[in-house]
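Everything below concerns the one structure shown next.
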Amino acid sequence: MLIRRPADIPSSEITPESAYLNRRQFMGAAGSLALAGLAVPAVLGASRGPAEHGDAVGQAQDDKLTPEEDATSYNNFYEFGTGKDDPKRNAGSLRPRPWSVQVDGLVKSPKRWDLDELLRGLAKEDKIYRHRCVEAWSMVIPWQGVKLRDVLARVEPLPSAKFVEFTTLLDPQQMPGQRTGVLRWPYKEALRLDEAMHPLSLLATGMYGKTIPNQNGAPLRLVVPWKYGFKGIKSIVRIRLTDRQPNTTWNDAIPSEYGFYANVNPTVDHPRWTQAKERRIGEFLRRNTLMFNGYAEQVASLYAGMDLRRYY
Amino acid sequence: MSSFGRAPAVRRVGALLVWVAAVGPLPWLVWLAVSGGLGANPIESLQHRTGHYALRLLAASLTITPLRALTGWGWLVAHRRTLGLAAFAWAVTHLLVYVGLDLVLDLSQFLEDLVKRRYITVGMLAIALLTPLAVTSTQGWIRRLGGARWNRLHRLVYPAMIAAVAHYLWAVKKDVTLPVLYFLVVALLLGFRVVMRRRARSGVTARRADASFGT
Ligand code: HEM
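The following block contains the structure:
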């Protein structure tokens, strides 16, 4: 690359791969590069250290990182096609830099941010999360990024703000799937503000110690580990604060199957399949799905008193 | 078969295509399995691939009769049975992938699915309708049933095909393009049959239509 480096490290390089690997060695992985075989004892849901791990007791021990190859080749990203292997094949047309993010709605000063500027100086997070797709498969993915709450703090929501809405890029040139009508474009997702402010909610810019690949939602995607994967909106160009519950893409498309909350819940089946079990990618037998994807200890209080069958 | 070597090229090519379509997927799946080509979720991949093989072969078996009527190639009729049997075999494999690999023989879960999930219900219906056709596909059964009764029985292939496409339609998450295309194909094939019947009834081409009507 002949492009001169800016003085500040761009956020797209939050965690250089070398540092990431060093940390993994530090974690006692004996320098193993074999991601597939790497046990991730008790760090799921916490940035470091076993103290904060979720309530996945008895399960955390056998949560191994999903091979990077699988996590980057088996994706749902309809902007690049509806097949699982389409995104990797087709996402080359996405240009993740330069990238701007419109932040507006109920914030102190609405503004179009350059992505690197929006993230500059925010604490960098390394998080290993279980990822549970609504289609009953799951992965374990090491993310790099920033806490969503830190970004929100930077843009200063007004006291009247109650929800955060996210919008994916709309550009059929870069996203060929948008030339079809399979979903209403652009993709939108949203969280309640208290969900967005939860320390587990992450805006990811990297995975496996590298800049996040296009097919996984470059350059900026949401990761909310206690919710089904479709809440994790990709290639975000707009963040809007609002006082009303926004419409969200899958909920609009098929409301009986995909709720606004979409919390992982083994007791509420999808109309066409059971959510009680999931296939962890790379494993043969299905394993039991955990309430809130194993993060109940951290997030259950957000939903105290709510009927989760109704608000699925 | 003894005269096969001297058969016209089109017949030989036809036979080759039919056999590749019917059994070719097997070595292809083996290759994918050993080369990692089934991807991150091999069971799902097998589930989907076997389902598509079954559906395509079923559709192909239904095109034989109209094709024969249009081309006058009587020899095509033998392939109808091959394609139909192969479709059935792949459908059963597809079912076995589900029950054996996905559910790991959890039969109570399978029964629950049969009752609760309409796409599984109609999938089972399709296989149930195809089973007597597969069983009676031998010369012996044709003789035992008699041509007319055998033909009537084998019209079950239409409800089976419709059930299979409905299964596909209800199984996919959102992108219904292909299932809808299959429905169009079924409608086209059925429409063709109806037109042929009308013509046969009106007597103009009664003999030809009768001879090629089959299923
Ligand atoms: C008891 C019978 C059957 C069972 C249990 C069954 C089961 C399944 C399952 C579990 C799926 C995957 C759905 C998903 O991914 O969500 C599927 C898809 C499919 N099945 Fe079946 N099936 C049956 C019969 C049939 C028959 C008879 C055919 C065709 C002749 C067929 C063709 C298909 C096709 C084309 C798909 C869609 C694959 C895709 O989405 O790309 N199935 N079936």
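As you go down the protein sequences, you meet chains A and B in turn.
Positions 11 to 322 (this note's numbering) are the ones given, in order, by the first sequence.
Positions 222 to 436 (this note's numbering) are the ones given, in order, by the second sequence.
For each residue, glycine too, the CB sits at the ideal point set by N, CA and C.
Name the chain B residues whose beta carbon is nearer than 9 Å to that of A:SER83?
Walking along the first sequence from the start, residue 83 of chain A turns up at place 73. Ordered by position in chain B, the residues that pass the 9 Å Cβ test against A:SER83 are GLY260, ALA261.
Taking any Cβ of chain A, which residues in the segment 302-328 of chain B have a Cβ under 7 Å from it, in chain order?
VAL325
Assuming A:SER148 is part of the beta strand (DSSP E), what are its boundary residues?
Here residue 148 of chain A refers to the residue found at position 138 when the first sequence is read from its first residue. Its beta strand (DSSP E) spans residues 147-157.
Look up A:GLN225 in the DSSP assignment and say whether it is helix, strand or coil.
If you number the first sequence from 1, residue 225 of chain A lands on position 215. Helix, per DSSP.
Can a CB atom of chain B be found closer than 8 Å to the CB of A:ASP96?
Along the first sequence, one-based indexing puts residue 96 of chain A at 86. It does not; no Cβ of chain B falls within 8 Å.
For B:ALA261, verify whether its CB is less than 7 Å away from any heavy atom of the ligand NAD.
The model on display carries the ligand HEM but not the ligand NAD.
How big is the Cα-Cα spacing for B:ILE348 and B:LEU335?
Here the question's residue 348 of chain B lines up with position 127 in the second sequence. Here the question's residue 335 of chain B lines up with position 114 in the second sequence. Spanning the two alpha carbons is a distance of roughly 13 Å.
Cβ of A:ASP80 less than 8 Å from any chain B Cβ?
Indexing the first sequence from 1 puts residue 80 of chain A at position 70. It does; some Cβ of chain B falls within 8 Å.
For the beta strand (DSSP E) that contains A:ALA214, what are its first and last residues?
Here residue 214 of chain A refers to the residue found at position 204 of the first sequence. Segment 212-217, the beta strand (DSSP E) holding A:ALA214.
Hey, is B:GLN274's beta-carbon within less than 8 Å of any beta-carbon in chain A?
Stepping through the second sequence from its first residue, residue 274 of chain B is reached at position 53. In the sequence under discussion, the amino acid at residue 274 of chain B is Tyr, which differs from the Gln named in the question. No, because no Cβ of chain A sits closer than 8 Å to the Cβ of B:TYR274.
Taking Cβ positions, are A:ASN261 and A:ARG142 nearer each other than 8 Å?
Here the question's residue 261 of chain A lines up with position 251 in the first sequence. Here the question's residue 142 of chain A lines up with position 132 in the first sequence. Contact: no.
Could you give the residue range of the alpha helix (DSSP H) that holds B:ALA347?
The residue labelled residue 347 of chain B in the question sits at position 126 within the second sequence. Where B:ALA347 is concerned, the enclosing alpha helix (DSSP H) stretches over 339-356.
Could you work out which residues of chain B lie near A:ARG189, taking near to mean beta carbons separated by less than 9 Å?
Within the first sequence, numbered from 1, the residue matching residue 189 of chain A stands at position 179. Here the premise fails: no neighbours, minimum Cβ distance about 13 Å.
Is B:GLN268 near the ligand HEM, in the sense that its beta carbon is under 7 Å from a heavy atom of that ligand?
Mapped onto the second sequence, residue 268 of chain B falls at position 47. At least one heavy atom of the ligand HEM is nearer than 7 Å to the Cβ of B:GLN268, so yes.
Contacts that A:VAL309 makes with chain B (C-beta to C-beta distance below 7 Å):
On the first sequence, position 299 is the one that residue 309 of chain A refers to. Neighbours of A:VAL309 on chain B: none; closest Cβ ~26 Å, over 7 Å.
B:LEU410 versus B:VAL397, B:VAL239, B:ALA392, B:PRO380, residue with shortest Cα-Cα distance:
As a position in the second sequence, residue 410 of chain B is number 189, starting the count at 1. Among B:VAL397, B:VAL239, B:ALA392, B:PRO380, the Cα nearest to that of B:LEU410 belongs to B:PRO380.
Do A:ALA214 and A:VAL233 count as a contact pair if the criterion is CB distance below 8 Å?
On the first sequence, position 223 is the one that residue 233 of chain A refers to. On the first sequence, position 204 is the one that residue 214 of chain A refers to. In this structure, A:ALA214 lies closer than 8 Å to A:VAL233 by Cβ.
Assign A:THR259 to one of three DSSP states: helix, strand, or coil.
Sequence index remark: in the first sequence, residue 259 of chain A carries index 249 (1-based). The answer is helix: DSSP assigns A:THR259 an H, G or I state.
Please return the same chain residues whose Cβ sits closer than 8 Å to the Cβ of B:LEU297, not counting the five positions on each side in sequence.
The residue you call residue 297 of chain B lines up with position 76 of the second sequence. Correct list, in chain order: GLY235, ILE285, LEU288, ARG289.
In three-state DSSP terms, what is A:SER110?
Here residue 110 of chain A refers to the residue found at position 100 of the first sequence. Strand at A:SER110.
Closest Cβ-Cβ distance between B:TYR178 and chain A: below 8 Å?
Examination of residue 178 of chain B is not possible in this model, given that chain B is present from 222 through 436 alone.
Can B:VAL393 be considered in contact with the ligand HEM, in the sense that its beta carbon sits closer than 7 Å to one or more heavy atoms?
Within the second sequence, numbered from 1, the residue matching residue 393 of chain B stands at position 172. Yes - the ligand HEM has a heavy atom lying nearer than 7 Å to the Cβ of B:VAL393.
Just to confirm my understanding: we take A:GLN188, look at its own chain, exclude 5 residues before and 5 after, and list those with CB closer than 6 Å. What are they?
Within the first sequence, residue 188 of chain A is the residue found at index 178, counting from 1. Result list for A:GLN188: GLU89, PRO182, TRP195, in chain order.
Based on Cα-Cα distance, which residue from B:PHE309, B:MET417, B:PHE404 lies nearest to B:VAL356?
For the purposes of this step, residue 356 of chain B is identified with residue 135 of the second sequence, where counting begins at 1. The residue with the shortest Cα to Cα distance from B:VAL356 is B:PHE309.
Do A:SER211 and A:ARG159 have their C-beta atoms closer together than 8 Å?
Numbered from its first residue, the first sequence carries residue 211 of chain A at position 201. Numbered from its first residue, the first sequence carries residue 159 of chain A at position 149. Yes; because the gap between Cβ atoms is below 8 Å, this pair is in contact.
Contact set between A:ALA263 and chain B, taken where Cβ atoms lie within less than 8 Å:
Locating residue 263 of chain A in the first sequence gives position 253, counting from the first residue. LYS395, listed in chain order.
So, with DSSP's three-state summary, where would you put A:ASP160?
For this step, residue 160 of chain A is matched to residue 150 along the first sequence. It is helical.
Check the Cβ of A:ARG3 against every Cβ in chain B and list those closer than 8 Å, keeping chain order.
Lying outside 11 to 322, the shown extent of chain A, residue 3 of chain A is not represented and no answer is given.
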